[in-house]
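The numbering used here puts the sequence shown at residues 34 to 201.
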Amino acid sequence: MSRFQAQLGGRKLDVEVIALDGGKFRVRVDGRELEVDSISLLSGGQSMLIDGAVCDTQMEINGDDYEVLLRGVRVRLKMIAERKLKLQALSRSQGGGGDNAVKAPMPGRVVRIPVEKGQQVEQGQGVAVIEAMKMQNELRAPRAGVVDQILVKVGQDVERGAPLVILA
């Protein structure tokens, strides 16, 4: 099960995603449960069956930021993994800026590493892309630095919290 906080406009929603067999998911949004069956379309979008209703969507994902086109309406939201929220709170409470590892926010497969060891990166620059739940998620450098280590290879499966790239 993966838990997130969705930020939609000024609202914060608690989201739980439970993967079931055959590409199906059970999604709870603020306690409301939905059954979702999703397939990828050739156009790059998703066709979803949500509680028996068909919805075709297009999504652009940039880190935690999602832009979703659903039934002709463009919606922008943030989906922040519960673990990331906890790590941010811990980092703030300790007065630090976090650690040097870019970690997988959820289980998935590494599909791209757009940086090399020794490369200078800026804060917010993409350093890894993982695919999870049929979506690609670009992971960004939390700060400027130099890529010290790349701990994974393209095609490798990773667990939630696994370090992918270390910055110096």
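All residues carry an ideal CB built from backbone N, CA and C; glycine is no exception.
The model shown is predicted, which means the values in this text are computed figures rather than measured ones.
If you run the structure through DSSP and keep just helix, strand and coil, what is residue i?
i    : result
D54  : helix
R59  : strand
E68  : strand
L74  : coil
L118 : helix
L200 : strand
K45  : strand
Q189 : coil
Q79  : strand
L184 : coil
Q156 : coil
R176 : coil
Within the continuous beta strand (DSSP E) that includes residue i, where are the two ends?
i    : result
R145 : 141-145
R194 : At residue 194 the sequence reads Gly, which differs from the Arg that was named. It is not in any beta strand (DSSP E) - G194 carries neither H nor E in the DSSP assignment.
K150 : Run containing K150: none; DSSP gives neither H nor E here.
L41  : 35-41
G159 : 159-165
K136 : 134-136
L103 : 98-103
A86  : 86-95
So, using beta-carbon positions, are residue i and residue j closer together than 8 Å?
i    : j    : result
M92  : F37  : no
G56  : S71  : yes
V191 : P138 : no
N133 : L197 : no
V143 : K186 : yes
M81  : V62  : no
Quiz prompt | Three CB pairs or more closer than 8 Å across the region 178-186 and the region 154-163 | solution = A contact is defined here as three or more CB-CB pairs under 8 Å, and the region 178-186 meets this definition with respect to the region 154-163.
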